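Scroll down for the structure; my scribbles are underneath it.
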Amino acid sequence: MTAPAATNRRASVSPSSPPRRRRAAITWVAIAAGFIVVGIVGSLLAGIGERAARGSLDPESAGPGGTRALAEVLRDNGVEVLVERSWQNARDLLAEQDATLFLPDTPNLSDEAVEYLVETATATVFGDPASRVLRTYFDGAVPTGFATETLAPACALPTPARAGDATIGGLFSAGGAQATCYPDGEAYGLLGSGSVTAIDADGVFTNDALADEGNAALAIGLLGAHERVVWYVASAGDTDLPVTDPTL
0 MTAPAATNRR
10 ASVSPSSPPR
20 RRRAAITWVA
30 IAAGFIVVGI
40 VGSLLAGIGE
50 RAARGSLDPE
60 SAGPGGTRAL
70 AEVLRDNGVE
80 VLVERSWQNA
90 RDLLAEQDAT
100 LFLPDTPNLS
110 DEAVEYLVET
120 ATATVFGDPA
130 SRVLRTYFDG
140 AVPTGFATET
150 LAPACALPTP
160 ARAGDATIGG
170 LFSAGGAQAT
180 CYPDGEAYGL
190 LGSGSVTAID
200 ADGVFTNDAL
210 ADEGNAALAI
220 GLLGAHERVV
230 WYVASAGDTD
240 LPVTDPTL
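Each residue of the sequence shown is one higher than the one before, starting from 0 at the first, in numbering that gives the first Met the number 0.
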């Protein structure tokens, strides 16, 4: 009996859509995963940057640029040091009793917000004065560079005179300041006008600089004049300025 002839026809296979859909799904998953990774990395970098920025002149930081040592020395000398990262809370604390306000550069606050803090405080020490602060409180003074050597006070203000030489960093023009100390040529490391003082605290107040020369005496004298210091360190979201940049 003859076997039936084998057919040579190939079964026709139509293109299948499920594999295409799977490939498309995988592509979109990969794209989404890429965005997530970018977001995570961006968040981590932002967090690292914020922590690094917080260390500068921060009384809770033990790093070289922090100021925990100064805060502890002030407390040991009977000064109440209150670290505040909210403008509203800082204002309320200043209003309770005589207090010195220590105010590093605060780009997140408007001129009006800075002025309100200064007016509420009994005395103010600008620890990293920006140009707008110098213009406003020292009648047109401007940053002029950095000192290259230890400076002597060479002024009659009691606190610098008692402290003696200091490792001043940034220098300013005199502007309309009522008192100028630590001269270097025609520039100065400390300006005073009434109850307001400007000094580049990065060269004097920080953990790695406090023990040098008369830095500790100068820092304690400037911040310890009253029983309370309100140490304002602005948080990233503490601002009264309008948000003008679009978010991601």
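Backbone N, C-alpha and C define an ideal beta-carbon position, used for all residues, glycine too.
Small disclaimer: the values here were computed from a predicted structure and weren't measured.
Start and end residues, alpha helix (DSSP H) containing residue i
i, result
"GLY220", "214-222"
"GLU118", "110-119"
Distance CB(residue i)-CB(residue j) smaller than 7 Å
i, j, result
"ARG90", "THR121", "no"
"LEU56", "ALA218", "no"
"PRO103", "ASN206", "no"
"VAL228", "VAL78", "yes"
"ALA216", "ALA162", "yes"
"THR196", "TYR187", "no"
"TRP86", "ALA61", "no"
"THR105", "ALA233", "yes"
"VAL132", "PHE101", "no"
"LEU221", "THR143", "no"
"LEU189", "TYR181", "yes"
"ASP201", "ALA146", "no"
"THR238", "ASN107", "yes"
Reduced DSSP category for residue i - H, G, I as helix; E, B as strand; rest coil
i, result
"GLY144", "strand"
"LEU93", "helix"
"ALA197", "strand"
"VAL203", "coil"
"VAL36", "Residue confidence is low: VAL36 scores 40 on pLDDT, short of 50, so the model does not pin down where it sits. Its coordinate-derived value is still stated next. In this structure, VAL36 counts as helix in the three-state DSSP scheme."
"LEU69", "helix"
"ASP183", "strand"
Limits of the beta strand (DSSP E) - the one that residue i falls within
i, result
"VAL232", "Per DSSP, VAL232 belongs to no beta strand (DSSP E) and is neither H nor E."
"GLU83", "79-83"
"THR99", "99-102"
Stretch-stretch touch, CB-based, cutoff 8 Å, three pairs: the region 170-179 with the region 131-150: Note that the region 170-179 touches the region 131-150; at least 3 beta-carbon pairs, one per stretch, sit closer than 8 Å.
3 or more residues per run - each beta strand (DSSP E) lying fully within the region 125-178: 142-145, 169-171
Stretch-stretch touch, CB-based, cutoff 8 Å, three pairs: the region 92-109 with the region 163-171: no
Three or more C-beta pairs below 8 Å linking the region 147-163 and the region 195-215: yes
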